[in-house]
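A.B. asks: Pasting in a structure now, in structure tokens, and then I'll have a few things to ask.
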Amino acid sequence: MAETNPSQRDVLNQMESHTPESLHPVLEAAFKYRKQLIAVVGVIVAAAAIYAGVTMYTSKAVTSAQAELGAILVEARGADRLARLEALAGNVPGSVEPAVNLAIAETAMTTGDYAKSVEYWSKVADEASGDTRLVAEMGKAKALLLSGKAAEALSALKTLADGAAEAYEVPLNRQIAVAAEAAGDKAAALAAYKKLSEKNVNDKPFVDHKIAQLEAE
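Sequential numbering from 1494 applies to the sequence shown in the numbering used here.
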């Protein structure tokens, strides 16, 4: 254990003479274990420097990824955009990944790659909650419908409609009506169109026409 040499004792005595007696044991301990204290402080300072470096690197990586995503969305179209987005997806920080996945899901749908669109809508939904998750599930259902899986899309939409907020009733019932017709479920389609007719929709004449058409069949 380290001992305090004479010169250090003089310094300690001088400090104690200007310090309340109740703090003398603290000063004694500080001098006795000064090397250990210096080492601990050094570790703390080093850890803080590393943390600051990692934080700065992460911030730069996020900014760079966001800039690259923006550039792709502005510059590229179609298959080129999709390829560049997929290349970016594996090299972005976690906080940017949902935005990239969303861009891939939407781009894949517009290019007709519905299987990939379903895959990435699923990723967006898995990473999201609340309204964002609901919208992602609706996107997935649309991709399923466009890929010819109307029955699967209808089942997913019905599940979503059961717990959806009132604000989503119109878009959900529109999708349900279309998916139900595609799946050959006329009863479900008619029910969805009737729910739409009760709302203040812009295309009410069309909705009423579909109701009349389905009731006549």
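Note that beta-carbon positions come from the ideal geometry of N, C-alpha and C, so glycine has one too.
Smallest Cα separation from Val-1663: which of Leu-1639, Ala-1682, Leu-1689, Ala-1618?
C.D. replies: As a first step, residue 1663 must be located in the sequence shown, where it is residue number 170. The shortest Cα separation from Val-1663 among Leu-1639, Ala-1682, Leu-1689, Ala-1618 belongs to Leu-1689.
A.B. asks: How would you call Glu-1710, buried or exposed, if buried means at least 16 neighbouring beta carbons within 10 angstroms?
C.D. replies: Counting from one through the sequence shown, the residue named residue 1710 turns up at place 217. With fewer than 16 Cβ atoms within 10 Å of its Cβ, Glu-1710 is classed as exposed.
A.B. asks: Kindly indicate the opening and closing residues of the alpha helix (DSSP H) around Asn-1666.
C.D. replies: Here residue 1666 corresponds to residue number 173 of the sequence shown, with the count starting at 1. Here the alpha helix (DSSP H) through Asn-1666 covers 1662-1676.
A.B. asks: Taking the straight line between their C-alpha atoms, what separation do you get for Pro-1698 and Gln-1706?
C.D. replies: Here residue 1698 refers to the residue found at position 205 of the sequence shown. Here residue 1706 refers to the residue found at position 213 of the sequence shown. When rounded, the distance between both Cα atoms is 12 Å.
A.B. asks: Over the uninterrupted alpha helix (DSSP H) stretch that includes Thr-1603, give me the two end residues.
C.D. replies: Stepping through the sequence shown from its first residue, residue 1603 is reached at position 110. Note, Thr-1603: alpha helix (DSSP H), 1590-1603.
A.B. asks: Report the rounded CA-to-CA distance for Leu-1566 versus Leu-1595, giving the unit in angstroms.
C.D. replies: Numbered from 1 along the sequence shown, position 73 holds the residue referred to as residue 1566. Numbered from 1 along the sequence shown, position 102 holds the residue referred to as residue 1595. Those two C-alpha atoms are separated by around 12 Å.
A.B. asks: Tell me which same chain residues have a C-beta within less than 6 Å of the C-beta of Ala-1621, skipping the five on either side of it?
C.D. replies: Taking the sequence shown and counting its residues from 1, one reaches residue 1621 at position 128. The answer, listed in chain order, is Ala-1629.
A.B. asks: Short check: CB of Gly-1632 to CB of Trp-1614, under 8 Å?
C.D. replies: Residue numbering aside, residue 1632 sits at position 139 when the sequence shown is read from its first letter. Residue numbering aside, residue 1614 sits at position 121 when the sequence shown is read from its first letter. Yes; because the gap between Cβ atoms is below 8 Å, this pair is in contact.
A.B. asks: What are the boundary residues of the alpha helix (DSSP H) that Gly-1583 is part of?
C.D. replies: The residue given as residue 1583 occupies position 90 in the sequence shown. From DSSP, Gly-1583 is part of no alpha helix (DSSP H); its letter is neither H nor E.
A.B. asks: Going by CA-CA distance only, name the one from Ala-1657, Val-1617, Arg-1626, Ala-1576 that's closest to Val-1589.
C.D. replies: Here residue 1589 refers to the residue found at position 96 of the sequence shown. Checking every option, the nearest Cα to that of Val-1589 belongs to Val-1617.
A.B. asks: Return the first residue and the last residue of the alpha helix (DSSP H) that Asp-1619 is part of.
C.D. replies: Here the question's residue 1619 lines up with position 126 in the sequence shown. Taken as a continuous stretch (DSSP letters only), the alpha helix (DSSP H) holding Asp-1619 covers 1607-1620.
A.B. asks: Using three-state DSSP, classify Ser-1557 as helix, strand or coil.
C.D. replies: Within the sequence shown, residue 1557 is the residue found at index 64, counting from 1. Three-state result, Ser-1557: helix.
A.B. asks: According to DSSP, simplified to helix, strand and coil, what is Asp-1624?
C.D. replies: The count along the sequence shown starts at 1 and reaches residue 1624 at position 131. Note: Asp-1624 maps to helix in three-state DSSP.
A.B. asks: So, at 6 Å on beta carbons, what are the nonlocal neighbours of Ile-1597 in its own chain, with the 5 sequence-adjacent residues on each side left out?
C.D. replies: One-based indexing of the sequence shown puts residue 1597 at position 104. Once the five neighbours on either side are set aside, the close Cβ partners of Ile-1597 are Leu-1578, Tyr-1613.
A.B. asks: Would you report the Cα separation of Ala-1682 and Glu-1659, rounded to the nearest angstrom?
C.D. replies: Within the sequence shown, the letter at position 189 stands for residue 1682. Within the sequence shown, the letter at position 166 stands for residue 1659. The straight-line gap from Cα to Cα measures roughly 19 Å.
A.B. asks: What is the DSSP secondary structure of Ala-1685, reduced to helix, strand or coil?
C.D. replies: The residue labelled residue 1685 in the question sits at position 192 within the sequence shown. DSSP places Ala-1685 in helix when its eight states are reduced to three.
A.B. asks: Select from Ala-1684, Lys-1679, Val-1555 the residue whose C-alpha is nearest the C-alpha of Leu-1665.
C.D. replies: In the sequence shown, the residue the question calls residue 1665 occupies position 172. Of Ala-1684, Lys-1679, Val-1555, the residue nearest in Cα terms is Ala-1684.
A.B. asks: Of all the options Arg-1574, Glu-1568, Asn-1584, Arg-1570, which has the alpha carbon lying nearest to the alpha carbon of Ser-1557?
C.D. replies: Mapped onto the sequence shown, residue 1557 falls at position 64. Of the candidates Arg-1574, Glu-1568, Asn-1584, Arg-1570, the one whose C-alpha sits nearest the C-alpha of Ser-1557 is Asn-1584.
A.B. asks: Please identify the residue among Ala-1582, Val-1593, Thr-1600, Arg-1667 whose C-alpha is closest to the C-alpha of Asn-1695.
C.D. replies: For the purposes of this step, residue 1695 is taken as residue 202 along the sequence shown, with counting starting at 1. Among Ala-1582, Val-1593, Thr-1600, Arg-1667, the Cα nearest to that of Asn-1695 belongs to Arg-1667.
A.B. asks: Does the distance from the CB of Leu-1562 to the CB of Ala-1601 come in under 8 Å?
C.D. replies: Taking the sequence shown and counting its residues from 1, one reaches residue 1562 at position 69. Taking the sequence shown and counting its residues from 1, one reaches residue 1601 at position 108. Against a cut-off of 8 Å, the Cβ pair of Ala-1601 and Leu-1562 comes out as no contact.
A.B. asks: Leaving out five residues before and five after Gln-1559 in sequence, what residues of the same chain have Cβ atoms less than 7 Å from its Cβ?
C.D. replies: Counted from its first residue, the sequence shown places residue 1559 at position 66. Closer than 7 Å at Cβ, skipping near neighbours: Val-1589.
A.B. asks: Just reading off the alpha helix (DSSP H) that Ala-1709 is part of, what are its end residues?
C.D. replies: The residue you call residue 1709 lines up with position 216 of the sequence shown. From DSSP, the alpha helix (DSSP H) with Ala-1709 extends over 1697-1709.
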